[in-house]
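First up is the structure itself, then whatever we jot down about it.
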Ligand SMILES: Cc1cc2nc3c(=O)[nH]c(=O)nc-3n(C[C@H](O)[C@H](O)[C@H](O)COP(=O)(O)OP(=O)(O)OC[C@H]3O[C@@H](n4cnc5c(N)ncnc54)[C@H](O)[C@@H]3O)c2cc1C
Ligand code: SF4
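Numbering (the numbering used here), first residue to last: 660 to 1217.
What follows is the structure, encoded as structure tokens:
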């Protein structure tokens, strides 16, 4: 417990400013308030409640985030040359739109990448995973829908039936066989948390749970942080972070006297309401993409010039592919269940999960098209046209019905495929040829494989089994880029500034009292959904933080 007589120094507006309120940001805010710090959380996205969440993703102005186009939702799609990145943007970060799946990766991830050897990870991490799982209310899914049963049968058909598992999820579920929709007093934090209602298995998790059943961060970590005094500033984008001990010659300081954080209103069109706040320490928790973008701009404009040159390198896409099978006119409602209800391994490296959207939320169907084989590359368009023509000739009605969006969620088994194989790209700030007026993040490096051949084969097998059409994302084929909801890295942990951006305790090289706590520090492909690992790594980083009254404010990487 913090010392109740301790008086914080009023010279700074806050002790810590946390930039971003996602998994890393919410864990940070909660643990810092618990240790007696005055904390502010700056969040670019809006605050969402069951009352303002959309009932369907056709209400794109309440689903997609593009504030300049008056789209003020919580889900962002950002295309790059090498990959299309899907991510969340809200109070609670990606947790508002994510699919609740919280898995511990295999131990071998700690032997790969630039974090290998920085700590005794295999001994340290289990305790932090356990804390994160307790806070996020992780339990085995007991709401299985028709899509999960199809996945199980398909795994059995290829001899991998024993790998089928129910996902571990952050959802408040009733006991198996009991009806959902029942409200209970706080089931997780001994009465300190909010009351909750059991899941009804509507499949709506990725367009926001309107039934108070999904354990989003605003119901656990962030809820408790706010209850203990953290101030959350929604719709507030951080645009600059400047050390307060800049030198008279104009050169930037190292942050040992704190930082000035400058913000604008993220949803404003004309008056952006610029504001300035001071703090003694700063935590970048704006997600892999958000933190890279911000740090690049701060380095570029001279606010934080000492950030490592490794910024933006080793960005990992989790070797992912989104495919599926559509069964036009399906008698079973494949949207029933929770967003990701189960998973299988089709080989040692390839992990597949059964995913769904709620009935009627068919907007993702606009991006779906019949699956195509061939090789990654521009030539794949020809294979696609050939597959499309063959489909239309052989099964004209089924193929045409598979291509129109209406009914997509009810009729589709979406397969999220991930591989724990290493591979990465890099990101840099640059001026695109088609819009050279503003610098923007751009991807570089070798092309990322657009599809996973074993996963495509599996989709064909499932389609044959259930009389459906195998599907993939049209962006994979037309632009030859894969999509990922699990972008990681860019500020990788490492033993030194020459090979990474933060040390093994999330401290930013080159600065004092500055930390990075989000997916950008992850230094290896995890092969499973990453949010639990981001929380556990942040729990670990926060475990090193002294109580407010004991902090000498000179923390820096060794
Ligand atoms: C559709 C979908 C489904 C997913 N399903 C799963 C799943 O089932 N399991 C899983 O583990 N992962 C899932 N993910 C991925 C997961 O959401 C992310 O890995 C996770 O949210 C990353 O956590 P983070 O702390 O790095 O950042 P985030 O949770 O992304 O939070 C960062 C926050 O920072 C804010 N921000 C960015 N820049 C600024 C700025 N300059 N100023 C102020 N605020 C800023 C953003 O608005 C955002 O809210 C899914 C993602 C998507 C898109
Ligand atoms: S399935 Fe429906 S009720 Fe259950 S967590 Fe997801 S959105 Fe909420």
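Note that the Cβ used here is the ideal one computed from N, Cα and C, for glycine as well.
Remember, predicted model here, so these are calculated numbers, not experimental data.
Residue 1078 is bridged by DSSP to 1009. Between the beta-carbon of residue 1011 and that of residue 999 there is about 11 Å, and that puts the pair past the 8 Å contact cut.
A check of alpha carbon separations from residue 816 across 1029, 1005, 1092, 1195 identifies 1005 as the nearest.
With respect to residue 947, residue 1186 sits apart: the two C-beta atoms are not nearer than 9 Å. The C-beta of residue 770 has fewer than 16 other C-beta atoms within 10 Å across all chains shown, which makes the residue exposed. For residue 749, the distance from the CB to the nearest heavy atom of ligand 1 is below 8 Å. Residue 782 is classed as exposed because its beta carbon has fewer than 16 other beta carbons within 10 Å across all chains shown. Here residue 1007 is exposed. Its C-beta has fewer than 16 other C-beta atoms within 10 Å. A Cβ-Cβ separation of about 6 Å places residue 1118 in contact with residue 1074 under the 8 Å criterion. By the C-beta density criterion, residue 1132 is buried, having at least 16 other C-beta atoms within 10 angstroms. Between residue 762 and residue 1167 a beta carbon distance of about 28 Å is seen, past the 8 Å cut, so the two are scored as non-contacting. When the alpha-carbon of residue 1085 is set against those of 889, 974, 855, 689, the nearest one is in 974. Per the coordinates, the alpha-carbon of residue 752 lies some 8 Å from the alpha-carbon of residue 704. Annotation: residue 737 is outside any alpha helix (DSSP H); the continuous beta strand (DSSP E) that includes it extends over 734-738. Relative to the non-hydrogen atoms of ligand 2, the Cβ of residue 1084 never comes closer than 8 Å to any of them. Of all alpha-carbon atoms in 1057, 759, 750, 1122, the one lying nearest the alpha-carbon of residue 796 is that of 759. When the beta-carbon positions are compared, residue 892 and residue 701 come within less than 9 Å of each other. At a threshold of 8 Å, residue 873 counts as near ligand 2, since its beta carbon sits closer than that to one of the ligand's heavy atoms. Counting along the chain, the unbroken beta strand (DSSP E) around residue 899 starts and ends at 895-902.
Per DSSP, residue 1093 lies in no alpha helix (DSSP H) and is assigned neither H nor E.
Rounded to the nearest angstrom, the gap between the Cα atoms of residue 941 and residue 1068 is 42 Å.
Here DSSP, grouped into helix, strand and coil, assigns residue 799 to strand.
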